[in-house]
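Engineer: Let me begin by handing over the structure; questions about it come next.
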Amino acid sequence: MLGQPFNPTGVSSSTGRPTGHFSAPSWDITEIIGRFQNASNATFLAKTDLGQRVVYKPERGQRQLYDFDCQTLPAREILTFEVARAAGLDCVPETLPVEGPFGPGSGQLFIEEDEEFDPAPLINEADPRLWRIVTLDLIINNADRKAGHLIADQTGKIWCIDHGLTLHARPKLRTVMWSFSGKALPAPMVESLRSLQEGLRSHLYDRAAQLLSREEADALTERVEMLIERPVHPLPPHDRPPLPWPLW
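Residue numbers (the numbering used here): 2 to 249.
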């Protein structure tokens, strides 16, 4: 089961009944500023009703993939932010459901990038500053962690973006950050995992099941439990491609 079509309102379009007990905050897109020409899916710089600039990814602009239902990609972006927030990792820009001129989708706060930032040396050296992102990728089973998905803002803070290919029920980890293989997760990351585990027990499991599926919510819970039991970054797999393509 790959998940259900993205539903930002929590109400079934066929029955009108709630699909869960959540009333998540959301934004309305009021203006399209431009389009990101190099994005693989329809991706726009937009302005919300509150005046923020966001990266708007409408559901209907996502191309079909063999292992991910394109209708669920915005929900995966949103759930990744909620997972990172529950874990206290603070590495994903705020990402909310949006309604816009091209239909429902995800909206992520736009980060003014430091154009001089080069993540390659940090990746190659397994720089400890990346542990928040590395840990998140293990949690969300990131199938597409490219180097270009790491950005720095004008203060030097490192963020990670582009999380549509995440949270699959089957192992899918594809990342450029295998330099962390075999390394023990630092104690603060284990504490983040415990915080996330509490969040899953209290509300986040149901939220994941609402946005995606119970199968994927179960898999998320199991990954967190396994990382708490053995907080070590895995080695690259031999039965599937370990790297995304392109790498950047």
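Where is the CB? At the ideal position from N, CA and C, for every residue including glycine.
Counting only runs of 4+ residues fully inside the region 45-118, write out the alpha helix (DSSP H) ranges in chain order.
Structural biologist: 74-88
Engineer: Residue range of the alpha helix (DSSP H) that Ile124 falls in?
Structural biologist: Locating residue 124 in the sequence shown gives position 123, counting from the first residue. Taken as a continuous stretch (DSSP letters only), the alpha helix (DSSP H) holding Ile124 covers 121-125.
Engineer: Identify, in the order they occur along the chain, each residue of the same chain with its Cβ nearer than 8 Å to the Cβ of Pro242, setting aside the five sequence neighbours on each side.
Structural biologist: By one-based count along the sequence shown, residue 242 stands at place 241. Within the same chain, Pro242 has close Cβ partners Arg175.
Engineer: What are the complete alpha helix (DSSP H) segments, minimum 4 residues, inside the region 187-226?
Structural biologist: 188-200, 206-212
Engineer: Do Gly106 and Glu60 have their C-beta atoms closer together than 8 Å?
Structural biologist: If you number the sequence shown from 1, residue 106 lands on position 105. If you number the sequence shown from 1, residue 60 lands on position 59. For Gly106 and Glu60, yes; Cβs fall inside 8 Å.
Engineer: Do you know offhand how far Val253's Cα is from Met227's?
Structural biologist: Nothing about residue 253 can be reported from this structure: the residues present for the chain run from 2 to 249 only.
Engineer: Determine the closest residue to Asp163 out of Ile34, Pro26, Trp28, Ser41, with distance taken between C-alpha atoms.
Structural biologist: The count along the sequence shown starts at 1 and reaches residue 163 at position 162. The residue with the shortest Cα to Cα distance from Asp163 is Ser41.
Engineer: In the structure shown, what three-state DSSP assignment does Ala185 receive?
Structural biologist: The residue you call residue 185 lines up with position 184 of the sequence shown. It is a strand residue.
Engineer: Assuming Gly104 and Ala47 are in contact, meaning their beta carbons sit under 8 Å apart, how far apart are those beta carbons, in whole angstroms?
Structural biologist: Looking up residue 104 in the sequence shown gives position 103. Looking up residue 47 in the sequence shown gives position 46. The Cβ separation is near 13 Å, so there is no contact.
Engineer: Between which two residues does the beta strand (DSSP E) carrying Leu151 extend?
Structural biologist: Along the sequence shown, one-based indexing puts residue 151 at 150. Where Leu151 is concerned, the enclosing beta strand (DSSP E) stretches over 151-153.
Engineer: Taking Lys58 as the reference, which of Asn143, Pro94, Glu78 has the closest Cα?
Structural biologist: As a working note, residue 58 is residue 57 in the sequence shown. That would be Glu78, whose Cα lies nearest to the Cα of Lys58.
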